[in-house]
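Accompanying notes for the structure given below.
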Amino acid sequence: MGIVDRRISLLFAAFLVLLSFAFLRALWLGAVSGDRLAAAAATQQVVTTEVPARRGTIVDRQGVELAVSEPADDVSATPYLVKDPVRTAARLAPILGVPAAELTTKLARRDTGFVYLARRVRAEQAQKIERLTDERLIEGIDLTPGTRRVYPRDWLATQVLGTVGTEGKGLAGVEYLRERQLHGSDGQRRTVRDALGEPLQVHDLRKAQPGARLELTLDAAIQDKVESVLAGVGKTYSPKSATAIVMDPRTNEILAMANWPRVNANDPGAAPADALQNRAVGLTYEPGSTFKAFTVAGALEDGKVAPDTSFNLPPQIVVADRTIGESHPRGPVTLTTAGILAQSSNVGAIMIGQRLGKVGFDRWVRRFGFSTPTGVDLPGEEQGIVPKVEDYSGSSMGNLPIGQGLAVTPMQMLTAYAAIANGGILRAPRVVRRVDGEPAPRPRGRRILSRETAAHVRGMLEGVFASGGTAAEVAIRGYKLAGKTGTANKVDARTGEYSKANYVASFVGFAPADKPRLLVSVMVDEPKGAIYGGAVAAPAFGKITEFGLSYLRVPPA
Numbered sequence: 003m004g005i006v007d008r009r010i011s012l013l014f015a016a017f018l019v020l021l022s023f024a025f026l027r028a029l030w031l032g033a034v035s036g037d038r039l040a041a042a043a044a045t046q047q048v049v050t051t052e053v054p055a056r057r058g059t060i061v062d063r064q065g066v067e068l069a070v071s072e073p074a075d076d077v078s079a080t081p082y083l084v085k086d087p088v089r090t091a092a093r094l095a096p097i098l099g100v101p102a103a104e105l106t107t108k109l110a111r112r113d114t115g116f117v118y119l120a121r122r123v124r125a126e127q128a129q130k131i132e133r134l135t136d137e138r139l140i141e142g143i144d145l146t147p148g149t150r151r152v153y154p155r156d157w158l159a160t161q162v163l164g165t166v167g168t169e170g171k172g173l174a175g176v177e178y179l180r181e182r183q184l185h186g187s188d189g190q191r192r193t194v195r196d197a198l199g200e201p202l203q204v205h206d207l208r209k210a211q212p213g214a215r216l217e218l219t220l221d222a223a224i225q226d227k228v229e230s231v232l233a234g235v236g237k238t239y240s241p242k243s244a245t246a247i248v249m250d251p252r253t254n255e256i257l258a259m260a261n262w263p264r265v266n267a268n269d270p271g272a273a274p275a276d277a278l279q280n281r282a283v284g285l286t287y288e289p290g291s292t293f294k295a296f297t298v299a300g301a302l303e304d305g306k307v308a309p310d311t312s313f314n315l316p317p318q319i320v321v322a323d324r325t326i327g328e329s330h331p332r333g334p335v336t337l338t339t340a341g342i343l344a345q346s347s348n349v350g351a352i353m354i355g356q357r358l359g360k361v362g363f364d365r366w367v368r369r370f371g372f373s374t375p376t377g378v379d380l381p382g383e384e385q386g387i388v389p390k391v392e393d394y395s396g397s398s399m400g401n402l403p404i405g406q407g408l409a410v411t412p413m414q415m416l417t418a419y420a421a422i423a424n425g426g427i428l429r430a431p432r433v434v435r436r437v438d439g440e441p442a443p444r445p446r447g448r449r450i451l452s453r454e455t456a457a458h459v460r461g462m463l464e465g466v467f468a469s470g471g472t473a474a475e476v477a478i479r480g481y482k483l484a485g486k487t488g489t490a491n492k493v494d495a496r497t498g499e500y501s502k503a504n505y506v507a508s509f510v511g512f513a514p515a516d517k518p519r520l521l522v523s524v525m526v527d528e529p530k531g532a533i534y535g536g537a538v539a540a541p542a543f544g545k546i547t548e549f550g551l552s553y554l555r556v557p558p559a
């Protein structure tokens, strides 16, 4: 065999060895590593993403938008297509407001074909990223259309509306309680890409279904006025907090629900954590004299007193180990039941409570809805604290009839007063009026007072605004008002005793007194410079009610 033939044989042998090696490698890749490689190829070329549904809009009763969803994109990356993670991160960081180092770590990953860089970025940010992609200054970056939650009125009714998290789910308020209806149904999208990451095919596996449109019972104009009035209370008295609610007692629809300090719904993180609480339903406090209306109503209904029943009232009354006097010292007087309520006599209210007896009194407290949630369609409602009869001490009937020794929520107080204002029907308040145009179910009420008793109490509450009443300085020309002031010592958490420095000043009232259209409560926690409900809360009631009557065009008497 010649030299040439020998070389050809060697080349042929080498070719056979290489061919055998290629065959074995192909066998290995196909049989042993096939599933792993196929999965890797799929993650690099096929991406399945969730398409968020457009969250439902929330509007007030007039159609004013309170919460809307606007276009916003999720920014993601296919890491294996990002050739220079450091440079790409440097370009994206100032747009997204995310540290470049954090982005670099995500872009350098090789264990996944998909990673989020930012969620729900504004349209203007997305446009800047899109320009960088179009100009080939970055690669491997994707924008997935979505929405972000925006509150057009910023500060208005924030604690009622609640907030939405970065994952698009409600975290508080109406946003949380109505999450299922507002969220809608997310879609799913499948994208097939080529080797350069360019989309070849986009297919919606499941189309997103938008959320429901919620119409609330709130009226933005009344809500704005209430928040403005509370801001004035905050400026004048520097309280710990303040809460006000406006209701139509004929339907128990909430027209306004405000908390101070206010919170910007578009920047809730800037507010103190306790400011985010809707204190109208989540705060319990001792109501003080505003509670006397229920003591009187129960005694009237049970026939223990009449509006003109006279009581000879000493300056003080002794109940077990307690001596209880009036808010302002006085001598012996004679007052009727109506006068006791108008002048907010502690001694008189206790004497009326004693006629009811502890069992009868407890029955009326619970009949008015205290100790149980009102059932308002808002999350976080407390039930208050009402002692059981068997737990009464000897002095309990000296405390409870004047609104001390039990705790209520502002919503419970308003709901109970609504039963007096509307003729004796106790029903749950409501905040949601319509869902996608369909009326929300109206709560069914139950009669707890006769029409006659309710009318008697309404008439007696007019006396609060008369000469000698605790809110005599509040008046609205052309309208008769009815209501009750409250001033209650707070319990000092350190000592367990009633504080001599911290008080709750409150007022609950309605107008017009004979046919109520507006029911308003104001509660001010730890006001400074003045403590009495007649001085702190009643003027706020007057301002809110005067605006509401004019705005709703309620004719004067």
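All the letters of the sequence shown, read from the start, carry residue numbers 3 to 559 under this note's numbering. Ideal Cβ placement from N, Cα and C applies to all residues, glycine included.
When DSSP reads this structure, V321 sits in a beta bridge with R324. Here R519 is near V556, since their CB atoms are less than 9 Å apart.
The criterion of a C-beta distance shorter than 9 Å is not satisfied by G511 and K545.
Using a 10 angstroms sphere on the CB of V466, the tally of other CB atoms reaches 16 or more, which defines it as buried. Cβ-Cβ separation between V48 and R192: approximately 7 Å, consistent with a contact (criterion under 8 Å).
Taking 9 Å as the cut-off, the beta carbon of A246 is found closer than this to the beta carbon of A542.
In this structure, the CA atom of R448 is about 29 Å from the CA atom of Y178. A Cβ-Cβ distance of about 5 Å is found for the pair A260 and L232, placing them in contact under the 8 Å criterion. A distance below 8 Å between beta-carbons, with the five flanking residues on each side excluded, links G407 to the following residues of its chain, in chain order: E288, P389, S398 and N401.
Under DSSP, I247 shares a beta bridge with M259 and S523. Annotation for I143: the continuous beta strand (DSSP E) segment containing it runs I143 to V152. Counting along the chain, G350 sits inside the alpha helix (DSSP H) bounded by residues N348 to R369.
About 7 Å separates the beta carbon of L68 from that of A159, a gap short enough to meet the 8 Å contact definition. Rounded to whole angstroms, the separation of the alpha carbons of G189 and E52 is 6 Å.
Distance between N348 and S329, taken at the CA atoms: about 8 Å. The secondary-structure analysis by DSSP pairs P73 across a beta bridge with T149. Between I354 and V298, the C-beta gap is smaller than 9 Å, which places the two residues in contact. Collapsing the DSSP output to three states places R449 in a strand. Here A344 is buried. Its C-beta has 16 or more other C-beta atoms within 10 Å. Look at S501 here: in three-state DSSP terms it is strand. In this model, I319 and S346 are separated by some 15 Å (Cα to Cα). DSSP places T547 inside the alpha helix (DSSP H), whose first and last residues are A540 to Y553. The beta carbon of F549 lies closer than 6 Å to those of K227 in the same chain, with the five residues before and after it left out. Residues of the same chain with a CB within less than 7 Å of the CB of R111, apart from the 5 flanking positions on each side, are P81 and V117 in chain order. Counting C-beta pairs with one atom in each stretch, the stretch 412-425 and the stretch 241-255 have three or more that are closer than 8 Å, which means they touch. Sixteen is the threshold: since fewer than 16 other Cβ atoms of the shown chains lie within 10 Å of the Cβ of A103, the residue is exposed.
With a contact defined as Cβ atoms closer than 8 Å, D516 and K482 qualify at about 7 Å.
Proximity to F313 across K360, T472, L451 and A340 peaks at A340, based on C-alpha coordinates. Here the stretch 124-143 lies against the stretch 84-100, with 3 or more beta-carbon pairs under 8 Å apart.
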